[in-house]
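Numbering (the numbering used here), first residue to last: 2 to 588. Worksheet: one structure, shown below.
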């Protein structure tokens with residue numbers, strides 16, 4: 002037996018108990034006649050004491066050789082620490098182990114960074130030695146937190162009679178919006194599997210198969226550009242239900258979100274507002290609004306145009322936000338924000354501002370063109386109060402809304418309005434079914450080709466396809482889309498019609514999705530579902546913006562695992578077995 006207890010459980014009730022512990026050396030403090038060692042495992046830290054007057058000489062000398070991260074086993078007696086040495090911040094802070102036996106299970110090299118909560122290791126070196134980084138409390142606790150969330154998800158869904166079903170990882174490449182990762186087949190020369198972007202078609206087939214409540218915590222794969230909250234392989238809480246309408250699905254997953262917030266964070270959330278996609282875009286400039294704070298958009302065309310200011314007169318949209326308490330911003334701070342919105346990442350050409358004075362008057366950067374009554378209307382539309390500042394952007398409608406949305410989020414961050422311990426969920430509904438690709442002139446499915454149109458909008462497919470609304474919905478939490486889904490098409494005729502408007506020929510649709518349309522002919526029930534992004538959901542519940550620390554072995558921004566050095570070239574013999582010949586142009 003390597004250990005009778007772990008390093009986080011012993012306390013004063015165990016005094017005079019003989020124990021066996023095993024773990025890693027956190028640090029050692031050699032005082033000559035006395036040596037203290039902090040022994041760490043996943044559960045905590047226990048202090049060991051080697052006393053020249055009470056410890057066998059051989060063991061005492063061996064203890065002096067212990068280095069950081071040595072793996073050791075000790076046997077000894079639990080004793081009470083002196084009062085002045087007790088640590089009230091640790092469960093084990095009242096005791097220590099007087100060691101009688103010491104075994105070095107494995108010596109260790111000095112780690113390339115300190116295994117401490119506040120480490121001296123940069124992100125690159127910690128990614129290379131991720132197995133060491135996991136020993137640190139912030140990463141270890143994040144992985145334990147993820148486990149807790151996943152277990153609560155399974156408990157909640159299982160209690161509602163959902164059945165967890167595994168679906169294949171080696172599937173067929175189908176167009177779902179992102180590039181597929183492909184896997185060559187040795188036994189089928191010249192042919193390839195694809196890794197699933199989601200289990201979409203399989204969960205629909207499970208509905209045809211009568212598994213009316215399915216879920217799976219599943220890996221998904223998308224070959225796309227990465228960022229802080231995106232990885233090439235990620236995990237979904239994937240769900241599907243038969244014989245349901247949109248309201249049924251929203252109620253189930255509101256319930257799941259309430260359950261997680263209560264069980265994980267101890268927070269009760271009553272309201273899940275529902276807003277349409279159009280309202281979200283006009284009010285917040287994006288379809289995943291953060292509603293923990295205000296700063297809603299106010300459209301100012303009526304009171305900003307035709308006033309001899311050519312910039313606004315030429316714009317499709319003039320829109321502003323009221324920033325609470327920003328009326329005391331200095332000119333330097335305002336110029337800094339103007340420079341911020343002019344960065345390439347945002348792309349604005351400039352910004353107008355109007356200060357709301359405490360006496361009810363206004364001072365703006367365009368006083369030459371607008372009188373006090375005009376500015377009073379701006380304040381009314383944006384909801385600005387004395388002491389606030391109104392910032393105004395103008396230009397093409399969609400582009401300008403996106404720019405102002407970026408500014409809104411940046412200001413909220415600077416003003417401390419995005420408290421990670423406050424949770425504000427909502428549903429965004431009534432998405433467009435299709436979106437136009439301006440380069441190709443073709444429509445693409447905003448979600449995926451299996452999303453059902455609103456029945457009342459079906460007639461618009463022929464005349465105004467861009468106005469057709471989808472039976473689709475996203476759950477948004479604190480400015481992040483944490484889940485999305487739709488009611489699916491469940492009959493062959495409607496699915497064929499959808500493929501037609503997406504530009505598929507009959508032959509292309511049959512080649513790509515013939516198996517699904519064939520299944521629809523054998524009694525497919527009405528069905529719909531939703532997938533939560535587990536990585537992102539866990540990060541938000543954990544109060545973080547990025548997902549990497551909640552993934553055991555993440556990739557970097559280039560999609561590389563720098564720890565195992567992947568992706569990597571493969572042997573020429575393997576290439577021949579797979580009938581693959583590389584054609585790589587040298588730069």
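Even glycine gets a Cβ: it sits at the ideal position worked out from N, Cα and C. Predicted model only: the values in this text are computed from it and were never measured.
request  = Note down, in chain order, each residue of its chain lying with its Cβ closer than 6 Å to the Cβ of residue 470, except the 5 sequence neighbours on either side.
outcome  = 431, 455 and 458
Minimum length 4: unbroken alpha helix (DSSP H) runs contained in the stretch 116 to 190 = 124 to 129, 131 to 134 and 138 to 160
query = Apart from the five residues on each side of it in sequence, which residues of its chain come closer than 7 Å, Cβ to Cβ, to residue 217?
reply = Excluding residues within five positions, the ones whose Cβ falls inside 7 Å are 165, 166, 167, 168, 200 and 239.
key: residue 312 and residue 301 closer than 8 Å at C-beta   = no
task = Quick one: residues in its chain with C-beta nearer than 7 Å to the C-beta of residue 521, no 5 flanking neighbours on either side, listed in chain order?
result = 491, 492, 493 and 496
key: Coarse secondary structure for residue 483, derived from DSSP in three states   = strand
key: Unbroken stretches of the beta strand (DSSP E), 3 residues or longer, contained in the stretch 466 to 533   = 473 to 478 and 481 to 488
Under 8 Å between C-beta atoms of residue 237 and residue 219 = yes
Residue 389, buried or exposed, once every other Cβ within 10 Å from all chains shown has been counted against 16 = buried
query = With a Cβ-Cβ cutoff of 8 Å, do residue 97 and residue 82 count as a contact?
reply = yes
Contact under 8 Å by Cβ, residue 46 with residue 27 = The answer is yes: Cβ separation under 8 Å.
ask   = Are the Cβ atoms of residue 475 and residue 289 separated by less than 8 Å?
value = yes
Extent of the continuous beta strand (DSSP E) run through residue 445 = 444 to 446
task = Specify the secondary structure class of residue 311 as computed by DSSP and reduced to three states.
result = helix
ask   = Which residue from 450, 280 and 325 puts its Cα closest to that of residue 383?
value = 325
ask   = Which ranges would you report for the alpha helix (DSSP H) in the stretch 232 to 279 if only whole runs of at least 4 residues count?
value = 247 to 266
query = Exposed or buried, residue 553, counting other C-beta atoms within 10 Å across all chains shown (16 or more means buried)?
reply = exposed
inquiry  = Spatial neighbours of residue 255 within its chain, please: C-beta separation below 6 Å, excluding the five flanking residues on both sides.
reply    = 273
ask   = Taking the C-alpha atoms as reference points, what is the distance between residue 588 and residue 567?
value = Interpretation of residue 588 is limited by its pLDDT of 49, a score under 50 that renders its predicted location unreliable; no figure is taken from the coordinates.
query = Using the C-alpha atoms, what's the distance from residue 132 back to residue 14?
reply = 34 Å
message = Taking 8 Å as the threshold (C-beta atoms), are residue 179 and residue 234 in contact?
response = no
task = Would you check if the stretch 518 to 533 and the stretch 242 to 251 touch, i.e. whether three or more CB-CB distances between them fall below 8 Å?
result = yes
Inter-stretch contact (C-beta, 8 Å, three-pair minimum) for the stretch 57 to 71 and the stretch 107 to 115 = The stretch 57 to 71, when compared against the stretch 107 to 115, does touch it at the 8 Å Cβ threshold.
key: Cβ separation of residue 367 and residue 353, assumed to be a contact under 8 Å, to the nearest whole Å   = 5 Å between Cβ atoms; contact.
message = So, at 8 Å on beta carbons, what are the nonlocal neighbours of residue 438 in its own chain, with the 5 sequence-adjacent residues on each side left out?
response = 444 and 445
Whole-number beta carbon distance between residue 284 and residue 298, since they are thought to touch under 8 Å = 6 Å
key: Reduced DSSP secondary structure (H/G/I, E/B, other) of residue 48   = strand
Complete runs of the beta strand (DSSP E) confined to the stretch 20 to 66 [at least 3 residues] = As far as the stretch 20 to 66 is concerned, its whole beta strand (DSSP E) runs of at least 3 residues are 35 to 42 and 45 to 52.
key: Reduced DSSP category for residue 578 - H, G, I as helix; E, B as strand; rest coil   = helix
request  = Would you kindly work out how many angstroms separate the C-alpha atoms of residue 72 and residue 104, rounded to a whole number?
outcome  = One C-alpha to the other measures close to 9 Å.
ask   = Would residue 294 be called buried (16 or more neighbouring beta carbons within 10 Å of its own) or exposed?
value = Its Cβ being crowded by 16 or more others within 10 Å, residue 294 is buried.
In DSSP terms, what residue 428 is bridged to = 275 and 476
ask   = Residues bridged to residue 395 by DSSP?
value = 319
Residue 205 classed as buried or exposed, judged by whether at least 16 other C-beta atoms fall within 10 angstroms = buried
request  = Decide if residue 2 is buried, meaning its Cβ has at least 16 other Cβ atoms within 10 Å, or exposed.
outcome  = exposed
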